[in-house]
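Residue numbers (my numbering): 410 to 752.
Below is the structure:
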């Protein structure tokens, strides 16, 4: 008889990448009873010690030592983008399931290699696209799927922050080789996945970018026009040089949705408010849900919602935006699905 996931032993995790956003993921992991951290690694010894104290776990002196342990079942990677492929491939080859923070990788070629490695080893590969897991996004999708708001005509997404002005000169984010198309790869890709979740796969892109505060070749402003199924359009803006803003708007034939990661306002054709939602009392909810989903995927062996293919499709849009900038033209986005268009 199979043990229900909620009654199974906690998944034994190894975590790599503990500073910055890694602290947010630590907080989420600590909130999921189905996960237990047994070892951590970070090149910053102070970050590693702090995480080890938090979880009461061991500190590995290298990533290789982390993977060499015999008490690990799954690996969580919150490391720089350019390390995702080699670290994930090593973990998969060692027999571990892998959660990797978005983006899946810096290039579609690397992302495809990671997906193929997961398929070949039969391991779980999950990507940290948490934005769709927030209560506002979940409710928005349900309303759109019900047909209550009619047909989607357009979507506007603006995901930005002023992070570029605070990054040290040697940051990996400020080098195109380790973080191409800076704001879109770090922030805008959240918007890409949200558009996929709410309205379907992006089919075409046309983009414009600028280096407003960073200086070439590093861009800090990217805007893209995204063609959606059935003729709808999305506009996506992502800056690394303006005040923090995470907001989106869906215009449909019978009403509209205005959302943020924590709020949602639903209006009818006249502009009258039909519904509001405020999840501000649970700012880490989407991250907790994400890590709980990873635990379930490990225990049930079922493909997670944001699997490698979901991460690969979002990455394909960002790479198409890069191609559009280079060609100064609209670009088709390739399709990646496990059944008809495998990696």
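We treat Cβ as the ideally placed atom computed from N, Cα and C, and that holds for glycine.
Quiz item: Secondary structure at residue 582, three-state DSSP: helix, strand or coil?
Solution: It is helical.
Exercise. Could you have a look at residue 473 and say whether DSSP puts it in helix, strand or coil?
Key: Reduced to three states, the DSSP call for residue 473 is helix.
Practice problem: Pick helix, strand or coil for residue 433, following the three-state DSSP scheme. | Solution: Helix at residue 433.
Exercise. Would you tell me roughly how many angstroms separate the C-alpha atoms of residue 631 and residue 724, rounded to the nearest one?
Key: Taking the straight line joining both Cα atoms gives about 15 Å.
Quiz item: Taking all protein chains shown into account, do 16 or more other C-beta atoms lie within 10 angstroms of the C-beta of residue 410, making it buried, or fewer, making it exposed?
Solution: Low local confidence applies: a pLDDT of 45 at residue 410 is under 50, so the model's placement there is unreliable, with the coordinate-based value given in what follows. Using a 10 angstroms sphere on the CB of residue 410, the tally of other CB atoms stays under 16, which defines it as exposed.
Exercise. Could you check how far apart the C-beta atoms of residue 721 and residue 426 are, in whole angstroms? I think they sit under 8 Å.
Key: At roughly 21 Å, the Cβ-Cβ gap does not stay under 8 Å, so residue 721 and residue 426 are not in contact.
Quiz prompt | Inter-residue spacing [alpha-carbon to alpha-carbon] between residue 738 and residue 605 | solution = Whole-angstrom Cα-Cα distance: 22 Å.
Self-check item: Nearest-angstrom Cα separation, counted from residue 505 out to residue 526
Solution: Looking at the two C-alpha atoms, the distance is approximately 11 Å.
Quiz item: Does DSSP classify residue 596 as helix, strand or coil?
Solution: When secondary structure is reduced to three states using DSSP, residue 596 falls in the helix class.
Quiz item: residue 659 to residue 516, Cα distance in whole Å?
Solution: Each residue's alpha carbon lies about 29 Å from the other.
Quiz item: Thinking C-alpha only, which one of 536, 552 and 498 is nearest residue 703?
Solution: Minimum Cα distance to residue 703 is reached at 536.
Exercise. Name the residue from 498, 446, 671 and 428 whose alpha carbon lies nearest to the alpha carbon of residue 454.
Key: Shortest Cα-Cα distance from residue 454 to any of 498, 446, 671 and 428 involves 428.
Quiz item: Which residues in the same chain as residue 677 place their Cβ atom closer than 6 Å to its Cβ, once the five residues preceding and following it in sequence are excluded?
Solution: So the list reads 664 and 683, once near-sequence residues are dropped.
Self-check item: Runs of beta strand (DSSP E) wholly within the region 486–563 (minimum 3 residues, chain order)
Solution: Annotation: the region 486–563 contains the following complete segments of the beta strand (DSSP E) (minimum length 3 residues), in chain order: 506–510 and 534–537.
Exercise. Find the nearest neighbour of residue 640 within the set 562, 629 and 540, judged by alpha-carbon distance.
Key: The residue from 562, 629 and 540 with its alpha-carbon nearest to that of residue 640 is 562.
Exercise. For residue 437, collect the residues of the same chain with a Cβ closer than 8 Å to its Cβ; drop the 5 residues on either side in sequence, then sort them by chain order.
Key: Listed in chain order, the non-local C-beta contacts of residue 437 below 8 Å within the same chain comprise 693, 696, 697, 699 and 700, local neighbours out to five positions each way being set aside.
Quiz prompt | Buried or exposed by the 16-neighbour rule on C-beta atoms within 10 Å, applied to residue 582 | solution = Around the CB of residue 582, 16 or more other CB atoms lie within 10 Å, so the residue is classed as buried.
Quiz item: Taking three-plus beta-carbon pairs below 8 Å as touching, is the region 478–486 in contact with the region 506–513?
Solution: The way I'd put it, the region 478–486 does touch the region 506–513; three or more beta-carbon pairs between them come closer than 8 Å.
Practice problem: Could you pull out every residue in the same chain whose Cβ sits closer than 6 Å to the Cβ of residue 767, ignoring the five residues on either side in sequence? | Solution: With the chain represented from 410 up to 752, any question about residue 767 goes unanswered, as that position is not in the structure.
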